[in-house]
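Residue numbers (our numbering): 398 to 689.
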């Protein structure tokens, strides 16, 4: 009995564990995991996930702004501040060329009225027609009276919501009438994304689809906002749950040809959007629509 026990004790611990492992595998039928099988399973999972289509319909819309063409009307405090700054600049400024000429003319007239006036002193100006600064001011005053500035407020044009010439002292936003689920709605010009193009290219295509032919400068390649809505439960399917609309900012660079009076788009101020946009849609637009 001593000999078998001695042989068992002489075996190393590693050999003993290997024998136990082979016995366990042979009796239970389990197969140990390997790194190759784990990577293969992970790649299969990723391929299945990548081939699954998104249940959301992607859209891109362009937020086209027409910047102000003239300055806005000053508020009372702005007018007061402007007058104060003009007075300070006048007090600290040097004399202009015209003011120096007024002083020179006044000095020349004073010399002519003196008893010791010598006409030979004016030999340098004898062959020239002397035009006094006061005569220039009189001619400038006549030109100013004949000048008629363009009116800042034009009631007939400002009421035309399709005109680009309305509200020249304010920034305007373009809205287009589009068909959504069988209903006509006023929205930012939008179109559906197509495979192979970026969302900005989709927004550019939405702007190019308008009949007016507007040209704009896009401000970024990234969207400035997103609006998401779900379809009614009766219309939902596994492949179509709702729509995501990504907004891109752009500034009008070319006004294009004049538009028809009954065009399918409007130029609106920010305060007028509440009469044409849905509340949930307008809330998303207000988040990135800053006053310019």
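Glycine included, every Cβ here is placed at the ideal spot set by N, Cα and C.
For residue 592, no beta strand (DSSP E) segment is defined, and its DSSP state is neither H nor E.
Secondary structure within the region 614 to 685: the beta strand (DSSP E) runs of 3 or more consecutive residues, fully enclosed, are 622 to 627, 639 to 651 and 662 to 665 (chain order). The bridge partners DSSP lists for residue 559 come to none. C-alpha of residue 457 to C-alpha of residue 589: approximately 6 angstroms in a straight line.
Under the 8 angstroms Cβ criterion, the region 469 to 486 does not count as touching the region 616 to 631, having fewer than three qualifying pairs. Around the beta carbon of residue 587, 16 or more other beta carbons lie within 10 angstroms, which makes this residue buried.
Collapsing the DSSP output to three states places residue 575 in a strand.
By DSSP's assignment, residue 551 forms no beta bridge with any residue. Fewer than three beta-carbon pairs drawn from the region 593 to 601 and the region 533 to 541 are found closer than 8 angstroms, and the two stretches are therefore not classed as touching. Proximity to residue 668 across 531, 680 and 561 peaks at 680, based on C-alpha coordinates. In this structure, residue 664 sits near residue 560, with a CB-CB distance shorter than 8 angstroms. Counting along the chain, residue 456 sits inside no alpha helix (DSSP H); it lies in the beta strand (DSSP E) bounded by residues 453 to 463. Counting of Cβ neighbours within 10 angstroms places residue 535 among the exposed residues, the total staying below 16. For residue 492, the number of other beta carbons within 10 angstroms of its own is below 16, and it is reported as exposed. The beta carbon of residue 567 lies closer than 8 angstroms to those of 465, 469 and 666 in the same chain, with the five residues before and after it left out. Residue environment for residue 584: buried (at least 16 other C-beta atoms within 10 angstroms of its C-beta). In this structure, DSSP gives residue 491 a state outside helix and strand, which the three-state scheme calls coil.
The DSSP-derived three-state label of residue 533 is helix. Residue 582 is bridged by DSSP to 575. Closest option to residue 471, judged by alpha-carbon separation, among 450, 549 and 507: 549. Excluding its 5 nearest sequence neighbours in each direction, residue 614 has C-beta neighbours in its own chain below 7 angstroms: 647, 648 and 650, listed in chain order. Looking at the DSSP output, residue 612 shares a beta bridge with 651.
Within the same chain, Cβ atoms closer than 8 angstroms to the Cβ of residue 623 are found at 641, 642, 643, 644 and 681, the five residues on either side in sequence being excluded. Residue 570 sits in a strand when the DSSP states are folded into three classes.
Annotated three-state conformation of residue 543 is helix, per DSSP.
Its chain contains 452 as the residues whose beta carbon lies nearer than 8 angstroms to that of residue 635, once the 5 sequence neighbours on both sides are disregarded; these appear in chain order. In the three-state reduction of the DSSP assignment, residue 467 falls in the coil class. In the three-state DSSP reduction, residue 511 falls in the coil class, being neither helix nor strand. At the C-beta level, residue 573 and residue 685 stay beyond 8 angstroms of one another.
Non-local beta-carbon contacts of residue 626 in its own chain, meaning distances under 7 angstroms to residues more than five positions away in sequence, involve 639 and 640 in chain order.
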